[in-house]
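In our numbering, the protein residues as written are 103 to 417. Here a beta-carbon is modelled for each residue, glycine too, at the ideal position from N, C-alpha and C. Small disclaimer: the values here were computed from a predicted structure and weren't measured.
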């Protein structure tokens, strides 16, 4: 991870001063670095990276983080977010234009790292994931403010916007190791299930977390009219009065300052957070099961603990 972080910093450099300046803000904001960790751990689980000169996984881990960070920059502009990881978001500090353009720069850097790796298979996996992320974001936009959205469509959204990159991050680790098709598919399934659990928990935290701990504004999804499982579960189980409330605040986008606290009350009353976390736990169990083809090791334990962290986290 130290080598990966250095690769990220090195690739943030540019003769255009605003790019490293905004890049330094992103690096200072920290973040979990979960996706590059998955690439590194997956490669090592498959026996790659132990010998001198085996460094492909480091460049690809940085590539995965650039793809992720680029999408965050764009998402914060689309969502008009002002906080990211407890700090002012890049668009709040530098403006929307700079955030979008630096996001484009990071996407370009990610493709430079892919081509430097030299594997067409790796490029196919990561470029496909990049396209799927964009599709997931557009699909989310098309379901926004629509309470008739089926849960299956919501799950399709979170697969696109989150799970696809988790899956790709894990699979490329197995690819560089040359560990075989079974390992690739197992780690891809692990990443997919982990990513689904991660996003479900993220959506639950938007209605259940402490804002200072979460590091972003609680209720952002509510204010933006996003259709997430806590809302769908509360709407489905709600009284006619509660359903009319949801239609007003989500579909009609007519909200007052008192509406978020009332929404939190309804979600608690309908046990929607527990239902969302239970769904996340189902995916978490699938992620752990996907690792069963690998022998016991410290790295396998790390990947299992990552699953546990994902469903127990507070931010």
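Start and end residues, alpha helix (DSSP H) containing residue i
{"i": "residue 199", "result": "198 to 219"}
{"i": "residue 127", "result": "120 to 130"}
{"i": "residue 108", "result": "104 to 113"}
{"i": "residue 403", "result": "400 to 414"}
{"i": "residue 352", "result": "Note, residue 352: premise wrong, no alpha helix (DSSP H); not H, not E."}
{"i": "residue 141", "result": "136 to 147"}
{"i": "residue 238", "result": "222 to 245"}
{"i": "residue 397", "result": "That residue, residue 397, is in no alpha helix (DSSP H); it is neither H nor E in DSSP."}
{"i": "residue 320", "result": "Where residue 320 is concerned, there is no enclosing alpha helix (DSSP H), given that its DSSP letter is neither H nor E."}
{"i": "residue 357", "result": "Unbroken run through residue 357: none, as it is neither H nor E."}
{"i": "residue 154", "result": "Residue 154 -> no alpha helix (DSSP H), and no H or E assigned at all."}
Per DSSP, the bridge partner or partners of residue i
{"i": "residue 174", "result": "DSSP lists no partner for residue 174."}
{"i": "residue 362", "result": "DSSP, once it has assigned bridges, lists no residue as partnering residue 362."}
{"i": "residue 190", "result": "185"}
Cβ distance (whole Å) where residue i is taken to contact residue j below 8 Å
{"i": "residue 240", "j": "residue 121", "result": "Contact doesn't hold; Cβ gap of about 26 Å is too wide."}
{"i": "residue 389", "j": "residue 256", "result": "That belief does not hold up - the Cβ atoms of residue 389 and residue 256 are roughly 19 Å apart, past 8 Å."}
{"i": "residue 272", "j": "residue 284", "result": "Going by Cβ atoms, the distance from residue 272 to residue 284 rounds to 14 Å, so no, they are not a contact pair."}
{"i": "residue 140", "j": "residue 268", "result": "7 Å"}
{"i": "residue 276", "j": "residue 297", "result": "Contact flag wrong, Cβ pair sits at about 16 Å."}
{"i": "residue 401", "j": "residue 146", "result": "5 Å"}
{"i": "residue 192", "j": "residue 128", "result": "7 Å"}
{"i": "residue 224", "j": "residue 274", "result": "5 Å"}
{"i": "residue 179", "j": "residue 212", "result": "The pair is not a contact, with the Cβ atoms about 18 Å apart (cut-off 8 Å)."}
{"i": "residue 302", "j": "residue 331", "result": "6 Å"}
{"i": "residue 365", "j": "residue 299", "result": "Not a contact, Cβ separation roughly 24 Å."}
{"i": "residue 150", "j": "residue 249", "result": "With 8 Å as the limit, residue 150 and residue 249 do not qualify as a contact, their Cβ atoms being about 47 Å apart."}
{"i": "residue 124", "j": "residue 168", "result": "About 13 Å; that fails the 8 Å criterion."}
{"i": "residue 247", "j": "residue 352", "result": "6 Å"}
{"i": "residue 322", "j": "residue 181", "result": "7 Å"}
{"i": "residue 227", "j": "residue 172", "result": "About 17 Å separates the two Cβ atoms, so there is no contact after all."}
{"i": "residue 189", "j": "residue 131", "result": "5 Å"}
Inter-residue Cα distance where the pair is residue i and residue j
{"i": "residue 379", "j": "residue 405", "result": "19 Å"}
{"i": "residue 368", "j": "residue 327", "result": "16 Å"}
{"i": "residue 399", "j": "residue 220", "result": "30 Å"}
{"i": "residue 236", "j": "residue 347", "result": "31 Å"}
{"i": "residue 281", "j": "residue 234", "result": "25 Å"}
{"i": "residue 231", "j": "residue 238", "result": "10 Å"}
{"i": "residue 222", "j": "residue 229", "result": "10 Å"}
{"i": "residue 342", "j": "residue 409", "result": "38 Å"}
{"i": "residue 157", "j": "residue 106", "result": "10 Å"}
{"i": "residue 144", "j": "residue 382", "result": "22 Å"}
{"i": "residue 254", "j": "residue 262", "result": "12 Å"}
{"i": "residue 194", "j": "residue 155", "result": "41 Å"}
{"i": "residue 165", "j": "residue 119", "result": "22 Å"}
{"i": "residue 114", "j": "residue 208", "result": "8 Å"}
{"i": "residue 148", "j": "residue 259", "result": "30 Å"}
{"i": "residue 177", "j": "residue 243", "result": "11 Å"}
{"i": "residue 252", "j": "residue 294", "result": "20 Å"}
{"i": "residue 360", "j": "residue 325", "result": "12 Å"}
{"i": "residue 185", "j": "residue 396", "result": "40 Å"}
How do the stretch 375 to 387 and the stretch 304 to 311 stand: do at least 3 beta-carbon pairs fall below 8 Å, yes or no?
-> yes
For the 8 Å Cβ check, are there 3 or more pairs between the stretch 207 to 220 and the stretch 157 to 166?
-> yes
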